[in-house]
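Notes for the one structure printed next.
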Amino acid sequence: MTKTNSPNPDSLLKLQDMTRSYPGLLANDQVNLTLNKGEIHALLGENGAGKSTLVKMIYGVLKPDSGQIFWQGKRIAINSPAAARELGIAMVFQHFSLFDSLTVLENIVLGLEAHEAGNNLEERIIEISEKYGLPLEPSRLVYSLSVGERQRIEIIRCLLQNPGLLIMDEPTSVLTPQEVETLFETLRRLCDEGMSILYISHKLDEIKALCRQATILRHGRVVASVRVQDETTNSLAAKMIGEDLGTVKMTSAHPPGELRFVVNKLDYPATDQLSVSLRQVSLEVRGGEILGIAGVAGNGQDELLGVLNGEVQTRPSSAIRIDNKDCAHQGPDQRRNLGLASIPSERLGHGAVPGLTLNENTLLTAHERMGLVRMGLIDFQKSEEFGCKIIRDFDVRCHGVEAEAGSLSGGNLQKFIVGREINQKPSVLVVSQPTWGVDAGAAQAIRVALRELADSGTAIVVISQDLDELIEISDRLAAICSGVLSRALPTAEVTLEQIGLMMSGVETLDNEASE
Amino acid sequence: MIPYLEKRAEHSRTMVYISPFIALALTLLGGIMLFSLLGKSPAQAMYAFFVAPLTSLYGWAELGVKASPLVLIGVALSIGFRAGVWNIGAEGQLTLGAICGSCVALWLYQVDSVFVLPLMMVGGVLGGMFWASIPAFLKTRFNANEILTSLMLTYVALLLLSLLVHGPLRDPDGFNFPESRIFHDAASLPIMVNGTRLHLGAVFALIAVGGIWLLLSKSLIGFQIKVIGQAPAAGRHAGFSVNRTIWFTLLLGGGMAGLAGMFEVSGPIGQLLPIISPGYGFTAIIVAFVGRLHPVGSLFAGLLIALSYLGGENAQITLNLPIAVTGVFQGMLLFFLLACDVLIRYRIRFKPVSRFRHG
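Residue numbers (the working numbering), protein chains in the order written: chain A, 2 to 516; chain B, -8 to 350.
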C-alpha cells in the first residue's frame, strides 16, 4: 500500500485509484478524491463524465473494479447501501423514490431501517425540519407537494440517520432560484455543524456560491482538484469541458417577422392523476423569434408540447394557428405538413426509436415533407441521402446511417434529431429540453443551430428547465407553473428574480389580475 | 464458479439467428430424455419423429399440407406481434373462415362454376376478419385487452361450429352424423402434385410470405407497425395512428387465418366437421416466434412445426406414443426459444464463488 500523501487528520473520506468499467466504456479511471470534515466538496463534470458512477461506488450501489476507499483513515469496503448508511454516508438521489399516495411520515418510515425509525419519529422530523429550515408537514400526502418539498423529504430522511457525509446528486435541477437559495442555506448550516457534503453538479455558479473544494472529472478521469475561491466560473468551465466553446451570436434587433404561430386560450384537462391540466394557455411567436418557456419540471411542459405538436388534441374551443391556418383539430402529421416541426424532450422512444437505424429514424418525421415515400413504398436511397446530410451538417459522430439510434451517445443522437427537424426547414419549431443530458459541446452546437434557424425566419418555442440556456438564446421569456403560462417578457429586460417569480406562479396571478 | 448473466453493450445480431438453433438442440435433448423416461429407444423415437415422415414424396407433400395453414397464419400474426397487438385467437378466426367458406360452398351446392372457389375464399377471409374485428373494436373503443377477448372468442367460434354442424349445416343424407355434405369438385381446392394432398393453399402461403416481407421491409405501413411496436410514443409523435394499426394487424391476421380455415375444409378435409384443425391457430403463435417474427423465418419455422405434427402421428402409429407428445415437443421448443432469447441481450459469464453476499 502506498502512503505518498500523508494522511490528513481532517480527512473523512479518501478515494484512491478508483476504477470501474462498463461493457465498452471506462466510466472511472483511477479517480482520487479527498474529502475533509465539515467541507462542501463539489464533484464537477459534464453529463457522462463519470460522476454518478463514482458516487454509486461510494454509496455501495456499484462495486469498483479496483481502488481503495479510506473512511476516517481506515481502509474499508462498502458492499451495499446498507453498509454505507452504517458508516454514516447518506445520499439524496436526483430522482426521488417516493410514493405519491402516502404521507410524508409514511414515506420516511419506508426508507428507514426499523431500528433507525424509533418511536418518536414524527417529533424528530419536526425538530429537524425546524432546525435546518426545511418546513414540512409530516401528515401531508406526497402528491400534493412541490418538487422542492419532495426533496426536503429525502433530505430529512438522510438527516435522521445523523450522517457524517451527505451526498447530493444534482439537487437543484428541479428547483426554482428561490428554492435553490433555501437549499443552500440549509447545506451551509449542516456544514457549519461539521457535516461533510459531496455536491454533484455541472452548474458552475452554484459551485462558486457553495463549495470550498472541487474535483473535476472529464471522461472518467480527474482533470483537476482545485480550491474554488482561486477559480473563476470560466476557468472551471474550461477545465470541465476541455475546450473553448464560443457563444451564441445574438443578431441584435432583427426586425420582427410575420406572426407565424398563435395559440389562443387553450385548455387541456389532465388525463390522469399524474398529469397537469393546461389552463388558458396563450402565446404568439413571430418569424425570426425564439420564445423561451421556463419552468420547474412537472408543471405541464410535457402536456404543452403534446398539445402544440398535435400528439393530443384539445377541446374544440381552443385555437392553434400556424401561418394563419387553424390546426387545433389536426394530428401531428397534418400539422407537420403545415410546417410545424417538434422535438420532444425524451430522445429514446419519443424523438427516435432506439432499435431502428438512423436511416429508418429519418422517416419518422420526414417521410412526407421530404418525399421519402412513393406509392406507399419507402425510398430508402433518398432517406439515406437525407440521413447522411444530417450527419454531415450537424457533425453527428456515428458509424453511419445504418447505426442503430440507441447506439449513439445522448449528445450525438440529440444532434441527429435536431438536425432532422431543422433540415426540413420548418416554419414553426417547438422544442422541449433541447440540451437535456447532452454534453456541453453538443449543447452549444444545438443552441447555435436553433438560433440560426430562427434567424432564417422560423418561429421557435423552446421549453426548457435550463434558465441559462433560455436567457442565452431566446428573445422573449415566459414561464409555466401548474399548467398556467405567464405572459412573455423580453429577455433583455427581465431579471432573474422576476423569472423566479414567474416560475413559481406569482407573476401569473398579477398578470391575470391586471387583465 | 457460478454462472451469471452480464448485459451486452448492444444486442447480439448473431444470437438472433443462433438462438432458434440452440433452442432446437435443447428441445431434441429434452425429447431424448422424455423418450428414455417413457422406456422407448431415443434413437428409434427420433427417427420415427423427424426422419421417417420425410422418406417419401407423399411425406413431403403432407409436410406442405400441414405447413400451409401454419405459415399462412404465422406470417400474419408476426405482423401483429411486431406492432404489440397480441392476437391469440387465430384458431377462432380460422374456424369462422372455415364456417363462412363452407356456407358459400353449401349454398352454391348445385352450381358448377370456376367462381365458386374464389367466392369461398372471399367468404373465408371475411369470416376471419369479422371475428378479428370484435377484439379490434373492443380494444380501440374500450381498451379491452385483445389477448383475453380474442382467446375467449376462439371458444365461442368452436361452439358455433359445433352448433352448425349438428344443426343447420348437417348433411340431410348423412344419417344424423354431425357433418356437412361433402363438397363438390367445384368447391374443392385443386391438387398441386398428383397422388398427394398438397393443395393450392401452399401456393398462397408462399405468396403470403413474399407479400408480408414486402410490406414489412419496404412499405410505410410496415414501418409504422415496427415503430408503434417498439416505441409507441415515437409513433404518436410521428403521427402514426395506434388505432389504425390495431385494426390493420387484427384484420390482416383474422383474414389470413380465415383463409387458412377455408383452405382446410375445402382441401384436405373436403367437408365441414366438428373439429377442423389440430390447433393450427395456436401453433402459429409458436411459428411466428420461432421464425423471429420474420416472414422467411416463419416459413422455415412452419415447416419445422409441421414436421413435428407428422412425426407425432408417425410415433403414435409405430411406437404407440400418445398424441400429447406432439404438443409437448412444440411447447418445449417455444419454452427453450424464449429462454435462449435472453442471450441476445445478455451473455453468460462465470465468476468465482465469493464469501461475501451483496445486498
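Beta carbons are placed, not taken as given, at the ideal position from N, Cα and C, and that holds for glycine.
Residues of the stretch 216 to 240 of chain B whose Cβ lies closer than 9 Å to any Cβ of chain A, in chain order: Lys217, Val218, Gln221, Ala222, Pro223, Ala224, Ala225, Gly226, Arg227, His228, Ala229, Gly230, Phe231, Ser232. About 6 Å separates the beta carbons of A/Val143 and A/Leu103, which is inside the 8 Å limit, making them a contact pair.
Residue burial annotation: B/Ala16 is exposed, with fewer than 16 other C-beta atoms found within 10 angstroms of its C-beta. Residue pairing for A/Asp327: DSSP places it in a beta bridge opposite A/Arg322. Taking one beta carbon from each stretch, the stretch 64 to 78 of chain B and the stretch 278 to 294 of chain B have 3 or more pairs nearer than 8 Å; the two touch.
Listed by position along chain A, the residues whose Cβ is nearer than 7 Å to that of B/Leu211 are His368, Val374, Gly377, Ile379. Closest option to A/Gln425, judged by alpha-carbon separation, among A/Thr366, A/Ala353, A/Val432, A/Ala320: A/Thr366. For B/Gly115, the closest C-alpha among the options B/Thr140, B/Leu154, B/Leu242 is that of B/Leu242. For A/Ala84, no beta strand (DSSP E) encloses it; the enclosing alpha helix (DSSP H) starts and ends at 82 to 88. Against chain B, the beta carbon of A/Gly332 has neighbours under 7 Å at Gly230, listed in chain order. In chain order, Leu45, Gly46, Val223, Val224, Ala225, Ser226, Val227, Leu237, Lys240, Met241 place their CB closer than 8 Å to the CB of A/Ile217, counting only its own chain and leaving out the 5 sequence neighbours on each side. Rounded to whole angstroms, the gap between the alpha carbons of A/Leu36 and A/Met19 is 15 Å.
For A/Tyr269, the enclosing beta strand (DSSP E) covers residues 260 to 269. Note that the C-beta distance between B/Leu310 and B/Ala39 is below 8 Å.
Close partners of A/Val354 in chain B (Cβ separation under 7 Å): Val218, Gln221, Ala222, Ala225. Around the CB of B/Ser179, 16 or more other CB atoms lie within 10 Å, so the residue is classed as buried. Assigned with DSSP and collapsed to three states, A/Asp170 falls in strand. Think of a sphere of 9 Å around the beta carbon of A/Arg337: the chain B residues whose beta carbon falls inside it are Ala229, Gly230, in chain order.
The three-state secondary structure of A/Asp394, taken from DSSP, is helix. When DSSP states are grouped into helix, strand and coil, A/Trp72 belongs to the strand group. Taking C-beta atoms as the reference points, A/Arg158 and A/Ile198 fail to come closer than 8 Å. Residue-level contact by beta carbon fails for B/Phe327 and chain A, as no gap is shorter than 8 Å. Cα atoms of A/Leu414 and A/Gln499: separation of roughly 34 Å, rounded to the nearest angstrom. Listed in chain order, the beta strand (DSSP E) elements of length 3 or more contained wholly in the stretch 398 to 422 of chain A amount to none. For A/Pro178, the uninterrupted alpha helix (DSSP H) run begins and ends at 178 to 193, by DSSP.
Contact check for B/Ala229 against A/Pro333 passes: the beta carbons are separated by less than 8 Å.
Using a C-beta cut-off of 8 Å, the stretch 435 to 442 of chain A makes no contact with the stretch 479 to 487 of chain A, since fewer than three inter-stretch Cβ pairs fall below that distance. Nearest CB-CB separation between B/Phe214 and chain A: below the 8 Å threshold. B/Ser171 sits close to B/Gln262, with the two beta carbons spaced by under 8 Å. In this structure, A/Val463 places its C-beta atom within 8 Å of the C-beta atom of A/Gly293. Minimum Cα-Cα distance from A/Leu309 among the listed residues A/Val297, A/Leu339, A/Arg477, A/Val175 corresponds to A/Leu339. Cβ neighbours of B/Ala43 within its own chain (closer than 6 Å, five residues either side excluded): Asn305. Relative to the Cα of B/Gly22, the nearest Cα in the group B/Val105, B/Phe41, B/Ile9, B/Val184 belongs to B/Phe41. The stretch 351 to 367 of chain A makes no contact with the stretch 319 to 330 of chain A; the number of CB pairs closer than 8 Å stays below 3. Under the DSSP assignment, A/Leu468 falls in the alpha helix (DSSP H) whose first and last residues are 468 to 474. Per DSSP, reduced to three states, the secondary structure at B/Pro126 is helical.
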